[in-house]
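Residue numbers (our numbering), protein chains in the order written: chain R, 893 to 1431; chain H, 70 to 384.
C-beta: ideal position from N, C-alpha, C; glycine also.
A short write-up of the structure that comes next.
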Ligand SMILES: Nc1ncnc2c1ncn2[C@@H]1O[C@H](COP(=O)(O)OP(=O)(O)OP(=O)(O)O)[C@@H](O)[C@H]1O
Ligand SMILES: [Mg+2]
């Protein structure tokens, strides 16, 4: 193709490998470990045909399970159960990791201005893209091997494990290619060195948004049991059926999609570079509003766009899960034994709504972590230092900025609660949901604040470690999704804040737990401010 | 440790806006500042010079309370910048050498944001400065060139009512026309009685603006004085031609770096002579039958190069 020139890609690959070592090794390793521990737990938990039959009976036809984990296949065997327990990860989390790696390997390098010094030497225009693809291929290859090793080490059949590993690699390749396209699409005026960050976040948002959209389409289809799961690539994964009647068409479809997206990315890459000068940036206001002159106001403004995207995202997400409430009710009415199995004492609707409320809280905590991360970014980019060269104390700046993190997390949580209420009301006709669902969101707020405060402590200690806030997120997600499967001890579960809220609304609210979490959050926030005040600014 | 109190009047003249003594700052085991002394008097422009990595930015970051000193004292307006930054910051403005702006805000929004954090400002003054720097403030900061980003920070600093300007290589990336604008604006501020600490690598800028300079190397101030005082301490170049080169030129007091350059007829001798050895050397050469004699005072470059290099490079 005209304009494609990858001269120098191998040197660039080596450089990228050095700067992205952690990303490239950590994710495949985590995925492999997760596959191993899940498969091992499942073999222990469902060690008799009777137990497996009961499992199959409960998940088959469960709207909640179908919406979150996808279609259930072959769940009468240990392999199938392991696949299904990993469903949420295979369908949403692993693709998200793939998008993240793709954006990281393509745009973050470019946005940081690191490429400019290299493109000045003899480097083909498409070489950075080629290098990113090479490393993505290597990382996904590693993921495949580690996943296969994890499943077989846990005692699952080698062939089925290989099918699962292949499906994981294929779907991640598809979503990684999607991420690369997202990284090329957003046109931005280039040459703004050292200002990266913002663009990279936009690419993340675009890529993850499309990916989450595909997941939600599938959730809506599967949750209603429609026979149309193929409409979304997110629904192709379970169709591989690694431990049953295997099908290769999903692998072929993912591979073809990945290749098509990669080709599209290459075309866009060439266009983008040629067309960069043609984009006339729109002029903006010549004066700044008064609100920009406070730490809270400035941070709010910088995170305004992201907040809007999150609000739309969570409204769609919670709305869709809320709208599946009636499906769950119908299922339980058809099969009263299920009520006992799930331990539901109140309304059968609670199964769906409690899961959705928990997910909403998690997303809101993600917002808090993200804003805290941007706060650390302000410091690393030395913009915080310039603001604090004005008569603005460290504590005031910190309080304003962390205040935005908490407020935006709270706003997103409440929007999610309202959307869940509306969805459940439209699904069941029960107007009480309009009041109850936002109340659940409120009950989760201390837990959301706690996660945000933990991220703030990390950023206050060392801003370059702020990504560790996402490790907290990952842990909370794992406890939420896999605590039962992995047979986590109560003490281990207890490290996750959501465990102290109580499984509302299915179970009563743990008032003491919520109050204690609120108190701990306040203490952590105060500690973070104290830490931030005492140390050298990073830049 | 860093909590030792700054000199409060006693010893330090009351007119020192910045008074730094024996300042030490370590990064791990590396001593970025190693007993630095620095004084800036009210109403003066002090040039702060030194090789790359010698500790200028580090000093400024201590003065702004961004980092904590490990030893010595530092006082700005008689206060400790680590313990009492807000009171100090209300009276100063700062321009970093590599300005990072909020990519999603326009230049105008960035300026007003910085000014509002500082306190009240006069919009007319701000607009006049924007015009003088010929800055398009409706552009998003992410599209700005390096020079334009620098202008944003300069406008924000100069439009404030600060009595002290702390400028860390403020004109890096400015074109000569804007450099000229910058110089006249600084002169206007100084005429108003304001004080400036100017870190710079542009010697002509230093010569045009600074009353005194402090030269820092490896975290220590190695020299402070007016440019004339520096000249007095810098070797002069003396050139003479001889039919026959006299013996013992390099043994004359204050003479060094003797070079011989054979010409078609005779030899040209070039040497560097310290100010106190100058009259002796010139006499000796005339005496020895020098046919031509040229005495060249040190150029600005020589003035600094000699001091930057003396003891090898800096950390
Ligand atoms: N945060 C830090 N951690 C470790 N070392 C640092 C840090 N900041 C500065 N240094 C080191 O301290 C020394 C002084 O740096 P500084 O930035 O003050 O130099 P400078 O005089 O401003 O140089 P330049 O003229 O290049 O701007 C350098 O060797 C630098 O590498
Ligand atoms: Mg510097």
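Check: Exposure label - residue 930(R); buried when at least 16 CB within 10 Å; Outcome: buried
Check: Selected residue, minimal CA-CA separation from residue 1099(R), among 979(R), 1129(R) and 1074(R); Outcome: 1074(R)
Check: Residue 1135(R) (DSSP reduced to helix, strand or coil); Outcome: coil
Check: First through last residue of the alpha helix (DSSP H) which encompasses residue 106(H); Outcome: Careful: residue 106(H) lies outside any alpha helix (DSSP H), inside the beta strand (DSSP E) at 99-110.
Check: is_contact[residue 1145(R), chain H] using C-beta, thresh 8 Å; Outcome: no
Check: heavy atom of ligand 1 below 7 Å from residue 101(H) C-beta; Outcome: yes
Check: Interface residues of chain R facing residue 291(H) [CB-CB closer than 8 Å]; Outcome: Those do not exist, as residue 291(H) stays about 26 Å from chain R at its closest Cβ, beyond 8 Å.
Check: Short-range partners of chain H found in the segment 1177-1210 of chain R, where Cβ spacing is below 7 Å; Outcome: 1177, 1178, 1179, 1180, 1182, 1184, 1185, 1190 and 1194
Check: Within-8 Å CB hit, residue 136(H) to chain R; Outcome: yes
Check: Contacting residues, own chain, Cβ-Cβ under 6 Å from residue 964(R) (five flanking each side not counted); Outcome: 951, 952 and 976
Check: Which listed residue (309(H), 222(H) and 143(H)) has its alpha carbon closest to that of residue 328(H); Outcome: 309(H)
Check: Residue ranges of each alpha helix (DSSP H) within the segment 132-214 of chain H, 4 or longer; Outcome: 154-158, 176-187 and 192-201
Check: Segment limits, alpha helix (DSSP H) that includes residue 1373(R); Outcome: 1360-1374
Check: Given residue 1250(R) as reference, the closest of 1285(R), 1213(R) and 1273(R) once Cα atoms are compared; Outcome: 1213(R)
Check: Local Cβ density within 10 Å of residue 1097(R), reported as buried at 16 or more and exposed below that; Outcome: buried
Check: Helix, strand or coil at residue 300(H) according to DSSP, with G and I counted as helix; Outcome: helix
Check: Cβ-heavy atom distance, residue 94(H) to ligand 2, below 7 Å; Outcome: no
Check: Own chain residues within Cβ distance below 7 Å of residue 1161(R), not counting five before or after; Outcome: 1018, 1021 and 1076
Check: Interface residues of chain H facing residue 1273(R) [CB-CB closer than 8 Å]; Outcome: 169
Check: Own chain, CB closer than 8 Å to residue 1027(R), minus 5 neighbours either side, in chain order; Outcome: 905, 908, 909, 912, 916 and 997
Check: Member of 1370(R), 1397(R), 1386(R) and 1348(R) whose CA lies at the smallest distance from the CA of residue 1413(R); Outcome: 1348(R)
Check: Residue from 162(H), 238(H) and 248(H) whose Cα sits closest to the Cα of residue 228(H); Outcome: 162(H)
Check: Amino acids of chain R, ordered along the chain, whose beta-carbon sits closer than 9 Å to that of residue 177(H); Outcome: 1176, 1177, 1178, 1179 and 1180
Check: Reduced DSSP secondary structure (H/G/I, E/B, other) of residue 896(R); Outcome: coil
Check: Residue span of the beta strand (DSSP E) that contains residue 1327(R), given as start and end; Outcome: Residue 1327(R) -> not in any beta strand (DSSP E); alpha helix (DSSP H) instead, spanning 1325-1353.
Check: Integer-rounded CB distance, given that residue 116(H) should sit under 8 Å from residue 269(H); Outcome: 6 Å
Check: Minimum C-alpha distance to residue 961(R) - residue among 946(R), 945(R) and 986(R); Outcome: 986(R)
Check: Environment of ligand 2 in chain order, Cβ to heavy atom below 7 Å; Outcome: 125(H), 126(H), 166(H), 237(H), 238(H) and 268(H)
Check: Whole-angstrom distance between residue 1040(R) and residue 1378(R), CA atom to CA atom; Outcome: 19 Å
Check: Closer than 7 Å: residue 122(H) CB and nearest ligand 1 heavy atom; Outcome: yes
Check: Buried versus exposed, by CB contacts within 10 Å (16 or more), residue 1167(R); Outcome: Note that residue 1167(R) scores a pLDDT of 44, beneath 50, so its modelled location is shaky; the value from the coordinates is reported in the next line. Classification for residue 1167(R): exposed.
Check: First and last residue of the uninterrupted alpha helix (DSSP H) at residue 274(H); Outcome: 272-278
Check: Residue-level contact to chain R via CB, residue 435(H), 8 Å cutoff; Outcome: Residue numbering for chain H in the displayed model covers 70 to 384; residue 435(H) lies beyond these limits and cannot be assessed.
Check: Residue 338(H) beta carbon less than 8 Å from that of residue 314(H); Outcome: yes
Check: Contact with chain H by residue 1429(R), beta-carbon distance below 8 Å; Outcome: yes
Check: Contact set between residue 1496(R) and chain H, taken where Cβ atoms lie within less than 7 Å; Outcome: The structure shown does not extend to residue 1496(R), since chain R is modelled only from 893 through 1431, so no value can be given for it.
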